[in-house]
Structure formats: structure tokens, C-alpha cells
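Undergrad: Encoded as C-alpha cells, here's the structure I'll be asking about.
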Amino acid sequence: MSDLIVIVYPTEPKAEEVRNRLLELQKEYLITLGDAVIATKTEAGKIKLNQMVSTTAAGAISGSFWGLLIGVLFLNPLIGAAVGAASGAVGGALTDVGIDDNFMKDLAANIQPGNAALFVLVQSMTADKVLKDISHYGGVVLKTSLDETKEQVLRDALQKATS
């Protein structure tokens with residue numbers, strides 16, 4: 001079962017720094033991430049999501065490969081690749097993996113303009129080591145699906161960094 005953790009940072013670069021550190025910890029097998037998205041709010045109130053993986057780009061690449069293959073079979077590889085890339089990009093744009101985009105936008109509406117919310121879907125982790133590693137970045141817990149005890153440990157660790 002995965003856990004959702006949402007932490008607000010004062011700037012987008014700070015949230016990006018934490019996300020990059022979590023990705024490094026994943027390479028060290030201390031955490032397994034299902035998704036890690038940064039949501040920011042502009043001065044105009046518009047919410048922007050900075051996804052870890054662009055499904056549109058992945059769909060376009062996959063679609064162009066299959067389109068090229070089909071195009072070769074029908075003796076027109078360029079048209080096949082173009083149609084495949086376009087259909088793959090549309091399919092990728094309509095695909096939502098990980099954390100629901102509408103949920104993230106609704107929750108990010110509560111942050112102040114200029115702040116950034118880091119949404120992390122954690123599949124598994126060595127909690128004590130990960131928490132020790134990221135606690136010095138600070139941040140404020142906005143929402144979690146952790147039990148109350150674990151959530152309080154997270155809040156306390158992040159608060160120590162801001163004190």
C-alpha cells in the first residue's frame with residue numbers, strides 16, 4: 001500500500017532540491033516512489049504541476065515507433081511515424097499515472113503564491129533514514145495518508161529544521 005505525503009516549501013527550487021534528493025535515495029534503495037510532483041501557484045492563482053515523467057512525450061515516442069513500424073509495412077514510414085507520434089502524444093496527454101492531477105490542483109489551491117507543494121507517493125521506505133536525510137530541508141506538512149503517530153514524527157522532524 002502506498003502513502004501520500006504533501007509538504008509545502010517556500011520556493012519551487014527548494015521543492016525540486018528535495019525531490020532530487022528523494023530520487024537519489026531511491027537509487028540507494030531507501031525509498032520507492034510511485035510519483036513525485038511539484039505544484040506551484042502563480043500570483044494570478046493558476047496552479048502548475050511539474051510532473052516527474054511527461055506522459056505526452058513518452059506517448060509520442062512510443063507512438064512514433066509503432067507508427068514507423070506500421071508505415072514500413074505499408075511502404076510509407078514517414079506518414080506512419082507522424083501519425084503514430086501524434087496519436088501517441090494525444091494518448092499520453094490523456095493518461096494520468098500516479099497521483100490524480102485534479103486532486104493535486106485542488107489541494108495546491110491552499111498554498112500561497114510562490115510556494116511549492118511536493119506531492120510524493122511512497123510505495124515503501126526505510127523511514128528513519130529517509131526522514132533523517134530530508135529533515136534539514138524543512139517544509140510544512142500539508143497532508144498525508146500516514147497514521148497519526150508517523151505523521152507527527154514527520155511534522156516534528158521538519159519543524160526542527162525551521163527552528
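Going by full-length UniProt numbering, the sequence shown opens with residue 1, and the numbers climb by one from there. Yeah, the Cβ is synthetic: ideal placement off N, Cα and C, and Gly gets one too.
Please state if the CB of Val18 and the CB of Ile111 are separated by a distance shorter than 7 Å.
TA: On the sequence shown, position 111 is the one that residue 111 refers to. On the sequence shown, position 18 is the one that residue 18 refers to. No, the Cβ-Cβ distance between Ile111 and Val18 is not below 7 Å.
Undergrad: Could you tell me the boundaries of the beta strand (DSSP E) in which Ile31 lies?
TA: Residue mapping note: residue 31 aligns to position 31 of the sequence shown, counting from 1. Residue range 31 to 41 is occupied by the beta strand (DSSP E) that includes Ile31.
Undergrad: Thinking C-alpha only, which one of Phe103, Val153, Lys150, Arg155 is nearest Val37?
TA: Within the sequence shown, the letter at position 37 stands for residue 37. Here the closest residue by C-alpha is Phe103.
Undergrad: Would you kindly check if the distance between the Cβ of Leu146 and the Cβ of Gly34 is under 7 Å?
TA: Counting from 1 along the sequence shown, the entry for residue 34 is found at position 34. Counting from 1 along the sequence shown, the entry for residue 146 is found at position 146. Not a contact, by the Cβ cut-off of 7 Å.
Undergrad: Buried or exposed for Gly138, going by 16 or more other Cβ atoms inside 10 Å?
TA: Locating residue 138 in the sequence shown gives position 138, counting from the first residue. By the 10 Å Cβ count, Gly138 comes out buried.
Undergrad: Under a three-way DSSP split, which group does Thr144 fall into?
TA: If you number the sequence shown from 1, residue 144 lands on position 144. Strand.
Undergrad: Using the Cα positions of Ala130 and Asp106, report the straight-line distance between them to the nearest angstrom.
TA: For this step, residue 130 is matched to residue 130 along the sequence shown. For this step, residue 106 is matched to residue 106 along the sequence shown. Looking at the sequence itself, residue 130 is Val, so the reference to Ala does not match. Cα to Cα, the separation comes out at about 28 Å.
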